[in-house]
Amino acid sequence: MATENFQHSYSLTEIAKQLGRPRTTVQEWRNQFKPYLPTVQGTQGRTTRYEASALALFQLIAHLKEANEPISIIEQALIENSATTSDNTTANIPSFQPQVYEGLKQLAVALDEQRQLNKAIMKELQELRQQQTTYYHELMELLDRQNNVEENIRTRDFRLLETMRDMQDKKKKEKQRGGFFSIVFNR
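Numbering (the UniProt record's numbering), first residue to last: 1 to 187.
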């Protein structure tokens, strides 16, 4: 039976010739869609042989690639076609949907947690900005008060100096005048 499977199987080079495509292109498709392509058991690596149904799947891939369909559409078509060709083939195809769904659920939970964390950080940042604004206004008010106090001190010092000068000038004038008797006697 193994020889029967081998006789009705194809190498990658044979599939490329059947499709009229370069081997490297077919090899790239094989790498992209490997889980969907049935192989003959016991073959692996460079000696991997593909079942006849794989040739039909490669033809489907070639047709969809010519139509510039995205990989997701090609994968969906491969899943549908491989399900209709044989039940054994679908048993070999891993179902990634539950894993993807679980991964997306975990990602959604993580994103929700991140959003909540971002909201908390933004709220704290807003509070800090308000606090900074309050402190800034208080500082400006204190600086204004300090400037007023300094101006009052300068004014007071200036008046004090003026008063002292006036008093000194009066004393000098009184000394120059002499006293009451010097005015009377004109000396």
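Backbone N, C-alpha and C define an ideal beta-carbon position, used for all residues, glycine too.
Whole-angstrom distance between Glu151 and Leu142, CA atom to CA atom: 14 Å
N- and C-terminal bounds of the alpha helix (DSSP H) containing Arg23: 23-32
Host alpha helix (DSSP H) of Tyr53 (start-end): The identity of residue 53 in the sequence shown is Ser, whereas the question assumes Tyr. Counted as a single uninterrupted DSSP element, the alpha helix (DSSP H) harbouring Ser53 occupies residues 52-66.
Leu19 and Arg30 closer than 8 Å at C-beta: no
6 Å Cβ shell around Val52 - same chain, five flanking residues per side excluded: The sequence shown places Ala at residue 52, not Val. For Ala52, where only same-chain residues beyond five positions count, the Cβ hits under 6 Å are His8.
Meets three-Cβ-pair contact criterion under 8 Å: the region 53-67 and the region 10-24: yes
Whether Leu60 touches Leu78 by CB criterion (8 Å): yes
Proximity below 8 Å, CB of Tyr10 to CB of Arg49: yes
Buried versus exposed call for Ile74 [16 or more other C-beta atoms within 10 Å across all chains shown]: buried
Cβ-based burial, Val26 [other Cβ within 10 Å; buried from 16]: buried
Through-space distance from Glu124 to Asp112, alpha-carbon basis: 18 Å
C-alpha distance - Ala67 paired with Gln99, whole-angstrom precision: 30 Å
Distance CB(Ala62)-CB(Arg23) smaller than 8 Å: no
Local conformation of Thr39 per DSSP, three classes: strand
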